[in-house]
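Read through the structure below, which is laid out as structure tokens, and then see the notes.
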Amino acid sequence: MFLGKATHQGYGSEEGTGRPSFEGQEEKAREILKAGLGSAWWGFIDEIVTAVFAGEGSLAKEVAKNPRNFIVWNNLMKVGTKSGNPEGTHAKWQAELAKECLKTELKYFDPTHVIIPTSHYQTSLIGEIFGPDVDWAQWTEIPRPHLLVREFCGRHLIWCMHPQGKSSCLLEMWKDAIISRIKATFPA
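Read in the numbering used here, the sequence shown has 54 at position 71, and its numbers run on one by one without any break.
Set out below in structure tokens:
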């Protein structure tokens, strides 16, 4: 499972309000899955998933065609804003919804690995889901800057900064480390 921050921008505004509509957000998510977008976020995910499933078999070929068909991805915040990520009041009014949705998704999909490239966005909310609080001392920094790992309730958690605007060298280090970690801990 890949966990992001929020859908960036208010897609599909409600008539006359300028607020994002549920239908607009849903339509944008379907578009992303079908056609893909060329963002740093999706490139990061696509490369990791393709590398994890790389090989000669038919599964590897299917994954290479569209890696997004083989993952669970979601955003911590369920309703985006017109610019940036929900903060303050916008984040507060949906925090309970975000926690309950993510807990339900974790239970339903039961992922073995959760990759969290959210930088320091909503760390207290993430802590409420993956432990009593995000106590960074409980995470282990593997030999890569800004890449932390932790096991929690039988899941392998991998946290890193959001890939947007990061150097290609840093992104390659993160991808290599994440891919190695997943392959080393993936159930047989």
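The C-beta atom is built at its ideal place from N, Cα and C for all residues, glycine as well.
Computed from a predicted structure; not experimentally measured.
When 52, 87, 152, 135 are compared, the shortest CA-CA separation from residue 59 is found for 87. Judged by DSSP secondary structure, residue 71 falls within the alpha helix (DSSP H) whose first and last residues are 71 to 75. Under DSSP, residue 134 shares a beta bridge with 139.
Under the DSSP assignment, residue 54 falls outside any beta strand (DSSP E); it carries neither an H nor an E label. According to DSSP, residue 85 shares a beta bridge with no other residue. Under the DSSP assignment, residue 59 falls outside any alpha helix (DSSP H); it carries neither an H nor an E label.
Proximity to residue 74 across 50, 53, 106, 156 peaks at 106, based on C-alpha coordinates.
Collapsing the DSSP output to three states places residue 169 in coil.
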